[in-house]
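Data first, discussion second: the structure below is written as structure tokens.
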Amino acid sequence: MTAMQHDPAYNFAYLDEQTKRMIRRALLKALAIPGYQVPFASREMPMPYGWGTGGVQVTAACLTPEDRLKVIDQGADDTTNAVSIRKFFERTAGVETTEHTTESTIIQTRHRIPEAPLTEGQILVYQVPIPEPLRFLEPRETETRKMHALEEYGLMYVKLYEDIAHNGAISTAYAYPVKVEGRYVMDPSPIPKFDNPRLESAAIQLFGAGREQRIYAVPPHTQVVSLDFEDHPFEASKADHDCDLCGCGTSYLDEVIVDDAGGRMFVCSDTDFCAGRRAEGHSGRLSGEDAA
Amino acid sequence: MTPLLQVTGLTRHYGTRLGCGDVSFDLWPGEVMGIVGESGSGKSTLLNCLAGHQAPDAGQVIFDTRSDGPVDTVTMSEPARRMLGRTDWAFVHQNARDGLRMGVSAGANVGERLMAVGARHYGDIRAQAVDWLGRVEIAEDRVDDRPRAFSGGMQQRLQIARNLVTGPRLVFMDEPTGGLDVSVQARLLDLLRGLVREMGLSAIIVTHDLAVVRLLADRLMVMKSGHVVETGLTDQVLDDPQHGYTQLLVSSVLQV
């Protein structure tokens, strides 16, 4: 837990107050209409598109000096994207940061939901590359907006049909489409479908897409249903292994190649969760060795 | 008996130019009507106005819906009109690429309309898709191929299957045989005639090919410069044309 000095050359959390106000308005609207994509005037951020410009703007609009921020990328606190965004807010906002899910008040995430259950009062901010779930099925944005407005979601099932027709099962493994509160179909950002059931959460979930200039949200305790067919129900899948470091059999795993002779290990993608379990004395297949 | 479609005074302008002017007719259940005329005579404009793809400037298009009886489709709400477009209506485009999703398999193309009206059982959707591909003479082993792997004639047949799978009552066809070679045309016409009779469909066929309407249409409407110049039973109009333009049209057909 570190509290860095706020660089006074920057306004608190980098963005100017009017911009934060504009984003907060979009956020309130998004929370009022769960799953609806609200357009907002996305700003140029000092990082390339695809690195989380949408998430960063949403986080900046939500941050207060009292917040404790956690940033994860694919579940890990120590990857480039997570480290640089954490540093960015340490410098521009001077807020406390943490790697512990339970101690944080705002979590910005890329492609994962933390394993530890989120609680009321926490905000989870997703970085979204493509907010429109129908994008690759219907290229016209005017048409997809109309389809959302009129609740014409037959086309979304065409994608699932194609999966089954070609692969024998719904092979969409990430960015798995969901229906929010029985109304809007939403792209939950590229989280693994393992995380889909946990979209029904006590925390506020905000989604920011910077390049596409869209914000959407899932308020606490909102119904989120993954789309499926009656004879091919949704399944939250993960690698069929236990974590090689902490021995957990229920967490989402990353597969890591460890040598050039076919050696591999499976580790929790949520580094904080894995470290927490190891600190409690749990161990896995390779925890004695210096494997990683 | 009420007509399936009652059209009165349908008019559509493009700026100051006339697309189609003051068109009125009734279409009865099970009837196939042909609209012929040269390029630019307003045939496609009329068809697009009837099918709700374009908004007419004036006139009524009253369709006898299954649930609520006769309703004016020009003034009805857009969701209701789009719902008609994927249940009771079908639209066969001249170019199959306009009516198909080229990026997904043939089975998904046929299944899309079923899923759009609420089918959520994969096995049923697939069985119906295979059944319909069979009806339009596409082999079952092509069900997972994309339409771009199909020939022009197969694409057109696939488009027809995709449109008819939800059991529509009224089919709009815009030059369904355009761009196909004559032997493929003949097979397609044969197929269409069979399906129309078997399902008791009503259809409006826009074409400039008189042979097509001779084979398919019960009744004929001849258009020129946006106006209907002659109507009547197909054989009557083609064998004893009254209007000067119709006489020209009939005499222009090449005899082999």
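Chains as they are written, first to last, in the UniProt record's numbering: chain S, 1 to 292; chain B, 1 to 256.
For every residue, glycine included, the Cβ atom is placed at its ideal position computed from N, Cα and C.
Can you list, in chain order, the residues of its chain with a C-beta nearer than 6 Å to that of residue i? Leave out the 5 residues immediately preceding and following it.
| i | result |
| --- | --- |
| glutamate 31 of chain B | Ser202, Asp218 |
| threonine 45 of chain B | Arg12, Gly19, Cys20 |
| valine 228 of chain B | Val23, Met221 |
| alanine 175 of chain S | Asp187, Pro190 |
| alanine 292 of chain S | Below a pLDDT of 50, predicted positions are generally treated as unreliable, and alanine 292 of chain S, at 47, falls in that range; no measurement from the model is reported. |
| isoleucine 62 of chain B | Gln6, Pro70, Asp72 |
I need the DSSP call for residue i, collapsed to helix, strand or coil.
| i | result |
| --- | --- |
| lysine 224 of chain B | strand |
| glycine 52 of chain S | coil |
| glutamine 57 of chain S | helix |
| leucine 134 of chain S | coil |
| serine 251 of chain B | helix |
| lysine 70 of chain S | strand |
| histidine 232 of chain S | strand |
| leucine 206 of chain S | strand |
| tyrosine 176 of chain S | coil |
| tryptophan 89 of chain B | strand |
| histidine 148 of chain S | helix |
| residue 258 of chain B | Coverage of chain B is limited to positions 1 through 256, which leaves residue 258 of chain B absent and any answer about it impossible. |
| proline 79 of chain B | helix |
| proline 70 of chain B | strand |
| arginine 113 of chain B | helix |
| arginine 101 of chain B | coil |
| methionine 1 of chain S | Because methionine 1 of chain S carries a pLDDT of 49, less than 50, the predicted location of this residue cannot be relied on, and the following value inherits that uncertainty. In this structure, methionine 1 of chain S counts as coil in the three-state DSSP scheme. |
Can you say whether residue i is buried or exposed, counting buried as having 16 or more other CB atoms within 10 angstroms of its CB?
| i | result |
| --- | --- |
| glutamine 255 of chain B | exposed |
| arginine 86 of chain B | buried |
| threonine 119 of chain S | exposed |
| methionine 1 of chain B | exposed |
| glycine 99 of chain B | buried |
| valine 253 of chain B | exposed |
| phenylalanine 273 of chain S | buried |
| aspartate 36 of chain S | The residue you asked about is not aspartate; residue 36 of chain S is tyrosine in the sequence shown. Tyrosine 36 of chain S comes out buried. |
| threonine 16 of chain B | exposed |
| proline 168 of chain B | buried |
| threonine 101 of chain S | buried |
| threonine 142 of chain S | exposed |
| serine 42 of chain S | buried |
| glycine 42 of chain B | buried |
Taking CB distances under 9 Å as the criterion, tell me whether residue i reaches chain B.
| i | result |
| --- | --- |
| histidine 148 of chain S | no |
| isoleucine 164 of chain S | yes |
| alanine 9 of chain S | no |
| alanine 292 of chain S | Here the model assigns alanine 292 of chain S a pLDDT of 47, short of 50, so the residue's position is not dependable, and the following value carries that caveat. By this cut-off, alanine 292 of chain S is not an interface position. |
| glycine 182 of chain S | no |
| tyrosine 161 of chain S | yes |
| glutamate 132 of chain S | no |
| valine 158 of chain S | yes |
| glutamate 235 of chain S | no |
| glutamate 141 of chain S | no |
| leucine 69 of chain S | no |
| glutamate 152 of chain S | yes |
| glutamate 230 of chain S | yes |
| phenylalanine 136 of chain S | yes |
| leucine 253 of chain S | no |
Between residue i and chain S, is the shortest Cβ-Cβ distance under 9 Å, so that the two count as touching?
| i | result |
| --- | --- |
| proline 79 of chain B | yes |
| serine 105 of chain B | yes |
| methionine 1 of chain B | no |
| glutamate 112 of chain B | yes |
| methionine 102 of chain B | no |
| arginine 126 of chain B | yes |
| methionine 173 of chain B | no |
| valine 61 of chain B | no |
When you compare only the Cα positions, how much space is there between residue i and residue j?
| i | j | result |
| --- | --- | --- |
| aspartate 67 of chain S | glycine 154 of chain S | 42 Å |
| asparagine 48 of chain B | valine 7 of chain B | 13 Å |
| methionine 76 of chain B | leucine 63 of chain S | 48 Å |
| glutamate 103 of chain S | aspartate 270 of chain S | 15 Å |
| isoleucine 205 of chain B | arginine 82 of chain B | 21 Å |
| methionine 186 of chain S | leucine 195 of chain B | 39 Å |
| residue 257 of chain B | tyrosine 49 of chain S | Nothing in the structure corresponds to residue 257 of chain B, since chain B is present only between 1 and 256. |
| asparagine 167 of chain S | glycine 37 of chain B | 48 Å |
| serine 251 of chain S | glutamate 280 of chain S | 16 Å |
| threonine 53 of chain S | glycine 123 of chain B | 42 Å |
| glycine 178 of chain B | glycine 9 of chain B | 29 Å |
| glutamine 57 of chain S | isoleucine 130 of chain S | 16 Å |
| phenylalanine 40 of chain S | threonine 109 of chain S | 20 Å |
| glutamate 175 of chain B | arginine 135 of chain B | 21 Å |
| methionine 102 of chain B | histidine 148 of chain S | 22 Å |
Apart from the five residues just before and just after residue i, which ones in its own chain have a Cβ nearer than 7 Å to its Cβ?
| i | result |
| --- | --- |
| methionine 1 of chain S | Interpretation of methionine 1 of chain S is limited by its pLDDT of 49, a score under 50 that renders its predicted location unreliable; the figure taken from the coordinates is listed afterwards. Hits under 7 Å: Glu96, Thr98. |
| threonine 166 of chain B | Arg86, Thr87, Arg113, Leu114, Val117 |
| tryptophan 51 of chain S | Asn81 |
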